[in-house]
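Counting from 1, one number per residue, gives the positions in the sequence shown under the UniProt record's numbering.
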Amino acid sequence: KLETAFNSRCLKPNTAILEELVELRSQKADILGFPTHAAFVLDMRMAKDPEKVRTFLVDLAQKLRPLQEQEVKVYLEYKKEECDKYGYEYDGKIHYWDLRYYMTMTEERQYAVDSNLLKEYFPMEVVTTGLLDIYQELLDLKFTQVKDVEVWHPEVTLYSVVDRESSNLLGYFYLDLYPREGKYGHAACFGLQPGCIQPDGKRQITVAAMVANFTKPTEDKPALLTHDEVETYFHEFGHVMHQICAQSEFALFSGTSVERDFVEAPSQMLENWCWEKEPLQRMSKHYKTGEAIPDHLLDKLIKSRIANAGMFNLRQILLGMFDQTIHTQKKVDTAKLFSEISQEYLGFPSTEGTNMSASFGHLAGGYDAQYYGYMWSEVFCMDMFYTRFKKEGIMSPKVGGDYRRCILQPGGSIDAADMLRNFLGRDPTPEAFLISKGLNPNA
């Protein structure tokens, strides 16, 4: 009942709006000389055309399916066990309303990560100090807090960023990490001033801000972060570094002004540091005792990264394929189509009477025909991490320097595909992505 209610939110009005949007987008593409809305959108993306996206998603799905099938076997074992225990009829199937429940049970039983205990090792000040140190070492930069300067709230801090080798000032960043009334409610990086060459030939330096809403400290306890929040912090700060390290000539290509389906890859790549022992140890310390995170806790955390990886990623592929399919058609029955694609990729249809796409905000929030970008950029980020950092050292100054020069420094002034070739020494492949999910791509 809960799943049915959740996936029926705003069902009638939003289904009508979404289906009208699909028709209007198709008409607009036709007026502009494109065969479909997806073709119009992708013309300025890395992928270039819908067929390439479809091939990408289908290929990944085929490789992930064996992993998902193993996971479903485990879900069914848990379901049978509970049906036997409580006297329910066991139907031998997984339904939409089962999915989140048994995915959560898998995480709890197989990995048993105590999130509340882990949180005690991530006080904000320790995480911030460790994070800033890692980025400075990795990218050969020096951060200095700028004091006695006007900021928009007493909790906001300002830092200057200098290239360690040349001592050139590259820019400034603000950290605004705690919630308050009227503030943007999520975590994000905002570019406040683009880096570019001015008419007089001098460089305008970059200014960026990282905004978040982490839990505030109290009188008897510092702000403590969950591991998810540490990962978010590391990710968004990666965008800050992209903004500041970019050295493009024109403001239009500054910072993160790259193709939309590549923009998350640099920061997603840096999330890997939150799943490696050395960086985690540098960003943590028990808030009371000052002790390091015990190895057994770290090991459990790191292993938990691949929990439900097959099902989670096939669901992402389902959403990406649905998005592409509706935007390559002129008219569509969204509820029927979503159920059919769900059956194809997850192995079961939508619950009757629901339409998840009626509350799929990305379709009306600027990600139309672009949801595939999450998977697309993750494939690239894993290739960058495994091919260079994992092999040559995650804190290697040489690899960090190459990353800064090849991936961050150009901004959007060259194609992302060329940046990747320059850094990897070849075209990207999905093998590292599959390894990161616990698969052997050569098996």
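Ideal placement from N, C-alpha and C gives every residue a C-beta, glycine not left out.
For the pair residue 120 and residue 134, the Cα-to-Cα distance works out to about 21 Å.
Residue 234 sits close to residue 274, with the two beta carbons spaced by under 8 Å. Under the Cβ criterion (8 Å, minimum of three pairs), the segment 236-251 counts as touching the segment 166-175.
Burial of residue 227 is indicated by the presence of at least 16 other C-beta atoms within 10 angstroms of its C-beta. Under the 10 Å beta carbon count, residue 440 is surrounded by fewer than 16 other beta carbons and is classified as exposed.
Beyond the five residues adjoining it in sequence on each side, residue 314 comes within less than 8 Å, by CB distance, of 61, 64, 65, 68, 345 and 346 in the same chain, given in chain order. Between the segment 398-415 and the segment 349-368 there are fewer than three C-beta pairs closer than 8 Å, too few to call the two in contact. Counting other Cβ atoms within 10 Å of its Cβ, residue 102 reaches 16 or more and is therefore classed as buried.
Around the beta carbon of residue 268, a 10 Å sphere encloses 16 or more other beta carbons of the protein chains shown; the residue is thus reported as buried.
Residue 360 carries a coil assignment under DSSP once its states are collapsed to helix, strand and coil. Only residues of its own chain outside the window of five on either side were considered, and among them 121 and 284 have a CB closer than 6 Å to the CB of residue 293, listed in chain order. Spanning the alpha carbons of residue 2 and residue 351 requires a straight line of approximately 11 Å. The DSSP-derived three-state label of residue 284 is coil. Residue 193 carries a strand assignment under DSSP once its states are collapsed to helix, strand and coil.
Under the DSSP assignment, residue 11 falls in the alpha helix (DSSP H) whose first and last residues are 11-31. Cα atoms of residue 8 and residue 353: separation of roughly 8 Å, rounded to the nearest angstrom.
Closest by C-alpha distance to residue 19, out of 282, 358 and 418, is 358.
Taking the CA atoms as reference points, residue 132 sits about 29 Å from residue 435.
Residue 338 and residue 312 do not touch by the CB rule: their CB atoms are close to 18 Å apart, not below 8 Å. In this structure, residue 200 lies away from residue 165, with their beta-carbon atoms at least 8 Å apart. It is roughly 18 Å from the alpha-carbon of residue 55 to the alpha-carbon of residue 340.
Note: residue 247 is not bridge-paired with any residue in the DSSP secondary-structure output. Distance from residue 261 to residue 29 at the Cβ level is roughly 18 Å; contact not present, criterion being Cβ atoms closer than 8 Å. Straight-line spacing of the CA atoms in residue 213 and residue 180 works out to 8 Å. Between the C-alpha atoms of residue 380 and residue 219 there is a straight-line separation of about 44 Å. Boundaries around residue 174 are those of the beta strand (DSSP E), 169-176, since no alpha helix (DSSP H) includes it. Per DSSP, residue 279 has no beta-bridge partner at all. Counting only residues of its own chain and dropping the five nearest sequence neighbours on each side, residue 303 has a CB closer than 8 Å to the CB of 111.
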